[in-house]
Structures are given as C-alpha cells and as structure tokens.
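Participant: Mapping of the sequence shown onto the working numbering: position 134 corresponds to residue 246, and the numbering continues sequentially without gaps.
Even for Gly, the Cβ is constructed at its ideal location relative to N, Cα and C.
Here the structure is a predicted model, which means the values were calculated and not measured.
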Amino acid sequence: MTPVDAPKAGAAVSPAGRLDTLLGKYTMYRLILLVLAALALYSLLLNVLGWLTFGIPQMVVHLALCLGLTYVSNRGLAALFRVRPHSESSLITGLLLYFLFWPTFVPMDLAGVALACVLASASKYALAWRGRHIFNPAAAGAFITGLTGMNIATWWAATPAMLWLLVPGILLVLYRTRKFLMAAVFLVVSTAIISAELLQAGFSFGGALWQALAQRPLLFFVGFMLTEPLTLPPRRWQQLALAAVVGVVFAVPYNLGFVANSPELALLLGNLLAFLAGQRGGLKLRFTGSRPLTPSTTEFAFEPSRPVRFVPGQYMELDLPHAKSDGKGRRRVFSLTSAPGSASVRFGVRTAEPLSAAKKVLLALKPGDQVTATSVGGDFVLPRDPATPLLLIAAGIGITPYLAHLASGAAQDRDVVLLLLARNAEEIAYADELRTSGARIIARLADGSVPPSFITGAGTAAGAGGGARLDGASLQALVPDIAARTVYVSGSPGSVASLRRAAKKAGARRVHVDSFSGY
113 MTPVDAPKAG
123 AAVSPAGRLD
133 TLLGKYTMYR
143 LILLVLAALA
153 LYSLLLNVLG
163 WLTFGIPQMV
173 VHLALCLGLT
183 YVSNRGLAAL
193 FRVRPHSESS
203 LITGLLLYFL
213 FWPTFVPMDL
223 AGVALACVLA
233 SASKYALAWR
243 GRHIFNPAAA
253 GAFITGLTGM
263 NIATWWAATP
273 AMLWLLVPGI
283 LLVLYRTRKF
293 LMAAVFLVVS
303 TAIISAELLQ
313 AGFSFGGALW
323 QALAQRPLLF
333 FVGFMLTEPL
343 TLPPRRWQQL
353 ALAAVVGVVF
363 AVPYNLGFVA
373 NSPELALLLG
383 NLLAFLAGQR
393 GGLKLRFTGS
403 RPLTPSTTEF
413 AFEPSRPVRF
423 VPGQYMELDL
433 PHAKSDGKGR
443 RRVFSLTSAP
453 GSASVRFGVR
463 TAEPLSAAKK
473 VLLALKPGDQ
483 VTATSVGGDF
493 VLPRDPATPL
503 LLIAAGIGIT
513 PYLAHLASGA
523 AQDRDVVLLL
533 LARNAEEIAY
543 ADELRTSGAR
553 IIARLADGSV
563 PPSFITGAGT
573 AAGAGGGARL
583 DGASLQALVP
593 DIAARTVYVS
603 GSPGSVASLR
613 RAAKKAGARR
623 VHVDSFSGY
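1) Label G425 either buried or exposed according to how many other C-beta atoms from any shown protein chain fall within 10 Å of its C-beta, with 16 as the threshold for buried.
2) Evaluate contact between the region 253-273 and the region 295-305, counting only Cβ atoms and requiring at least three cross-stretch pairs below 8 Å.
3) Can you round the beta-carbon distance between A541 and I509 to whole angstroms, since I take them to be within the 8 Å contact cut?
4) At a cut of 8 Å, does the region 264-277 reach the region 143-162 through at least three beta carbon pairs?
5) Keeping to the same chain, check which residues put their C-beta closer than 8 Å to that of V360; ignore five residues upstream and five downstream.
6) Count the other CB atoms, across all protein chains shown, that sit within 10 Å of the CB of V160; report buried if there are 16 or more and exposed otherwise.
7) Who are F459's beta bridge partners in DSSP?
8) Would you call the CB atoms of N536 and S520 closer than 8 Å?
9) Rounded C-beta distance between E429 and R443? I'm assuming under 8 Å.
10) Going by C-alpha distance, which of Y138, L134, M171, T139 is nearest L151?
11) Can you tell me which of the three DSSP states Q170 falls into?
12) Could you tell me whether the region 591-610 touches the region 498-518, using the rule of 3 or more Cβ pairs below 8 Å?
13) Rounded to whole angstroms, what's the CA-CA distance from A227 to Y210? Just pull it up for me.
14) On the criterion of 16 or more Cβ atoms from any shown chain inside 10 Å, does G401 qualify as buried, or is it exposed?
15) Whole angstroms is fine: what's the gap from P433's alpha carbon to I204's?
16) So who's on the other strand from T400, going by DSSP bridges?
17) With H, G and I counted as helix, E and B as strand and the rest as coil, what does DSSP make of A152?
18) Could you pull the DSSP bridge partners for H624 from this structure?
19) Distance, Cα to Cα, L177 vs P272?
20) Please classify G335 as buried or exposed, where buried requires at least 16 neighbouring CB atoms within 10 angstroms.
21) Out of curiosity, what's the CA-to-CA distance linking G369 and F362?
22) How many whole angstroms separate the CB atoms of I553 and L532, which I take to be in contact at a CB cut-off of 8 Å?
23) Based on Cα-Cα distance, which residue from P404, A378, T484 lies nearest to L397?
24) May I ask which residues mark the beginning and end of the alpha helix (DSSP H) holding E545?
25) Which residues mark the beginning and the end of the beta strand (DSSP E) in which I505 is found?
26) Taking the continuous beta strand (DSSP E) assigned at V445, which residues delimit it?
27) Suppose you measure from the CA of M337 to the CA of F247; what does that come to, to the nearest Å?
28) Rounding to the nearest angstrom, what Cα-Cα distance links A551 and V529 in this structure?
29) Is the separation between the beta-carbon of L477 and that of A522 shorter than 8 Å?
30) Could you name the residues of the same chain whose beta carbon sits closer than 6 Å to that of R187, not counting the 5 residues immediately before and after it, in chain order?
31) Along the beta strand (DSSP E) that carries L430, what are the first and last residues, could you check?
32) Kindly indicate which residue of S487, L467, T598 has the alpha-carbon position closest to the one of D497.
33) Quick one: complete beta strand (DSSP E) runs, 3+ long, within the region 292-342?
34) Measuring alpha carbon to alpha carbon, tell me which of F399, S454, W214 ends up nearest P479.
35) For T182 and A238, what's the separation of their Cα atoms in angstroms?
36) Going by DSSP in three states, I256 sits in which element: helix, strand or coil?
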C-alpha cells in the first residue's frame with residue numbers, strides 16, 4: 113500500500129481524515145514504540161509526583177536494563193543466525209517488559225528481569241517457523257521466567273494513575289491499527305467474567321467494573337500485546353474469535369499446579385491459535401523485475417519461495433531493511449495485485465518523489481535479490497454472493513487491491529462498476545488489465561482530460577467537471593444506482609474519508625474502506 117496523489121474527492125477534510133493523514137506518517141510499529149516511550153516517561157513523572165512509589169533510581173535502572181538487554185541480545189542473536197536485526201521490535205519488547213516486571217534492586221528479581229529480556233529476544237529465533245516468530249516475545253520471556261521462579265510478571269502498568277495517558281495511547285494505537293472491534297470483543301468477554309466474579313465476592317457493580325478495567329491489565333494487554341500484527345490471524349472474523357477465546361482464558365481463574373492463569377499464558381495460547389490459522393512463517397521473495405505503470409507508479413514482481421495463501425484484496429507485509437532510517441521503520445504493507453495461485457506475487461507502488469527509504473530499497477533491487485515477506489492479512493474482500501452489485505472506487509494507486517479481484521475473474525460473473533480518480537489520463541495504472549477485466553470503468557480526471565477509449569460513463573471527457581470535488585451529488589450522477597451497490601473505497605486516508613462520506617450522502621448503505629498510509 114502506498115499514499116496516492118489523486119483528485120480532490122469531497123468537501124473539506126474531516127477531523128478523522130486529518131488524524132488518518134497524521135498517523136499515516138508512522139508505521140504501526142513506530143507508533144507503538146512512540147506511545148510506549150511516552151508512557152515510560154509518564155511513569156517516571158508519576159513517581160516524581162508521588163503517585164507511584166517504586167523510586168526513581170529503581171525505575172531508571174529497570175528501564176535501562178530492559179531496553180539495553182533486549183537490544184543487545186537481539187543484535188547478538190541476529191548476528192548468530194545471520195539475519196538483520198529489527199531494532200525497533202527489540203525496543204518495543206524492552207518497553208513492554210519494563211511495564212510487566214516490578215522495578216526493584218533485589219538481586220534475584222533483577223536477574224529474573226535480565227533472563228526475561230534475553231528469553232524474549234531468543235524466542236524470536238528459537239520459537240519461530242520459517243523466519244516468523246510464533247509467540248509475542250515479551251509474553252514468552254515473562255512466562256518462561258515465571259516457570260523458573262526467579263521473577264513473576266506483575267503487569268504494574270495496570271494502576272489507576274497510569275490511566276490518564278494509557279487510555280489515550282491505547283485509543284491512538286487501536287485507531288491506527290483498526291482493531292477497535294477486536295479490542296471490544298476481548299474487553300466485553302474478559303470484563304464480564306472478572307466483574308461477575310467480583311460481584312459474587314461482594315463488590316458493587318461500579319466497583320467491580322472499576323477493579324476490572326483500572327486495576328487489572330486488560331487495557332494494556334489488548335492495546336499493545338493482543339493486537340500485535342505479526343501474531344494475529346489474517347481475517348477479521350478469525351481475529352474476533354481469537355479475542356473471545358483469549359478473553360475467556362485471560363479472565364477465568366484456574367490452577368493446574370505447575371501453571372496458573374496469567375495474562376502472558378492467555379496471550380501465548382492466542383498466538384498459537386493465530387499461527388495455526390494464518391500464513392505460517394515468513395517467506396522469501398526473489399525479485400524478478402519491475403515495470404512502469406504510469407509516470408509516477410511502478411509494479412514490482414517477485415517469485416515466492418513457496419506458494420502464498422491469500423484472498424484477493426489482501427495485503428502482504430515486507431521487511432525492507434535500509435541503512436538510513438526515515439522514521440517509518442523497515443516493515444511496509446503493500447496490496448497484492450496478482451491473483452491467488454499465480455507463479456509470482458506483484459505489488460503496484462507509487463514511486464514519485466519524495467521517496468521513502470523503503471521505496472528506495474525496492475527501486476534498487478536487482479533480479480535475483482531477495483526480500484522477506486512477514487505476513488499476509490486484510491479484509492478488503494468481496495461479498496461471497498456473486499449477485500451483489502459492486503461499486504469499486506480507486507483514488508490514484510488505490511487501484512491496486514482491486515487488481516487481484518479482477519485478475520481472479522470477479523467482474524466476469526458480477527455486476528462491477530469501477531470508478532477511477534486520477535490526476536490525468538497518463539496516471540491511470542493497469543490500463544491493459546482494466547480493458548479486459550469485464551468491469552464497467554468510469555474515470556474522473558482532475559485535469560478534465562480524455563481517458564482511454566475503453567473507459568465509458570459520465571464525467572470522463574474534458575469539460576465534464578473532472579477537476580471539481582467529488583461530493584455526494586456528483587457521485588450519484590456518475591453512478592445513479594449507487595444505493596443498490598455495495599461500495600468499496602481505496603486510496604490515501606484523506607481521500608478515503610472524503611469518498612466514504614460522499615458515498616454515504618449519495619445513498620450507499622454499505623461502504624468498505626482500505627486506507628493506504630505511512631509508506
């Protein structure tokens with residue numbers, strides 16, 4: 113997925129659109145790292161104010177130990193296994209362990225924290241399959257350390273004083289990752305079970321609810337650990353089912369003698385279930401070549417080391433190491449444009465200046481070079497019922513997720529209208545594929561120029577108002593039966609927010625969106 117440069121689509125940008133654009137400057141991993149870092153600084157401030165009582169020296173040493181050991185051990189193990197270390201991931205793990213274990217100067221407890229840090233890093237390599245770690249590293253390190261008896265995770269971030277920044281931080285992360293529904297399922301299930309237990313113990317309803325949410329690690333757990341992208345199944349319904357299962361295991365008390373219920377054990381069980389449901393392990397992609405799609409976009413083709421399981425409309429996350437960071441991390445998400453079962457996997461990417469560090473890596477690839485794909489996911493998939501009429505709206509290079517649908521023959525047995533928004537006729541990507549797709553193509557060009565002859569419908573010719581903003585009325589004029597169609601919108605966050613609003617005003621009842629940001 114990439115940002116797009118498309119015609120203005122709608123009225124003034126909404127607050128949600130502005131927030132999407134702002135957060136789109138950061139990858140999910142970078143945003144989580146920044147939020148956790150802010151929470152760590154906030155915890156030190158709370159200690160200075162007397163709202164936490166660990167002691168500043170203990171907290172500083174604890175923070176340095178967690179960050180330093182996870183970083184150093186991760187780099188050492190990466191060198192041993194001859195892979196490039198993902199430093200951003202190790203820092204996130206270190207910050208999570210900072211909030212899981214009690215800050216103290218007790219020698220045995222410090223040794224336990226050190227062990228958890230090293231085990232967390234080791235789990236990325238030892239508890240992995242085909243280059244992909246199966247378990248959340250922080251949870252794995254904390255759980256195994258607990259079995260040794262050297263230290264036990266206390267999840268001290270679950271304290272009322274932390275809520276003032278913890279809640280906004282979690283909301284920000286969940287908004288960026290689009291995991292509100294998953295988080296809600298987990299919180300409803302786990303809170304209901306814990307509150308019922310506390311009510312039986314004599315708590316009032318309000319007291320039971322407060323105890324569950326403010327003094328148990330539910331919020332921290334769901335915001336930063338359960339929703340970790342690499343340890344989630346690929347489809348939304350799988351993620352919701354996983355959230356419900358983990359919520360039960362998290363909240364129901366049990367003791368099997370050698371092990372009792374704990375947040376880290378609940379998460380590890382969820383990680384195992386997600387691994388069994390998804391694309392198991394990373395895979396190598398051998399670069400086979402690229403081709404220009406438009407003056408500002410390029411398609412990259414790769415041969416996978418083994419067959420890739422995906423559904424048309426899903427994305428793939430690539431690990432693109434680069435020497436000089438641009439603040440966006442090295443893992444980037446791109447929509448798959450090839451059909452499932454193809455011998456190659458392909459991605460269409462906007463490659464106009466300014467280029468991100470990841471795009472520079474892509475453009476510098478030579479045939480035979482390899483990159484690693486870390487995961488496949490997404491729910492931008494078409495309805496199962498082929499009788500459902502569709503309107504697909506693509507802003508700029510937002511066309512990419514639709515290519516896999518069309519390559520799979522989606523428009524051969526469906527009523528499909530594809531509305532393209534582009535700066536001019538030269539910026540219409542995949543023209544040959546669209547010509548033979550079977551879909552009815554409509555174009556809205558910002559400069560009012562004439563699109564290729566195979567594109568039909570209103571608003572295509574110069575003077576047809578191509579450069580005007582696309583609001584509800586103009587969208588309805590382009591697609592009069594929009595109310596009868598299921599609508600899909602793909603593009604940059606700002607374009608998607610405006611187009612979704614326009615589609616709703618035009619009468620659309622169901623609008624699915626896929627925002628490209630941060631790449």
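Facilitator: With the given structure in hand:
1) buried
2) no
3) 6 Å
4) yes
5) V301, S302, I305
6) exposed
7) Looking at the DSSP output, F459 shares a beta bridge with F412.
8) no
9) 6 Å
10) M171
11) helix
12) yes
13) Per the sequence shown, residue 227 should be read as Leu rather than Ala. If you take the alpha carbons of L227 and Y210, they lie about 13 Å apart.
14) G401 should be labelled exposed.
15) Each residue's alpha carbon lies about 18 Å from the other.
16) According to DSSP, T400 bridges with nothing at all.
17) helix
18) Y600
19) 25 Å
20) buried
21) 17 Å
22) 7 Å
23) T484
24) 543-547
25) In the DSSP assignment, I505 falls within the unbroken beta strand (DSSP E) covering 502-507.
26) 443-447
27) 10 Å
28) 6 Å
29) no
30) Same-chain partners within the cutoff: P197.
31) Per DSSP, L430 belongs to the beta strand (DSSP E) from 427-431.
32) T598
33) none
34) F399
35) Our two residues, T182 and A238, have alpha carbons roughly 15 Å apart in a direct line.
36) Three-state result, I256: helix.
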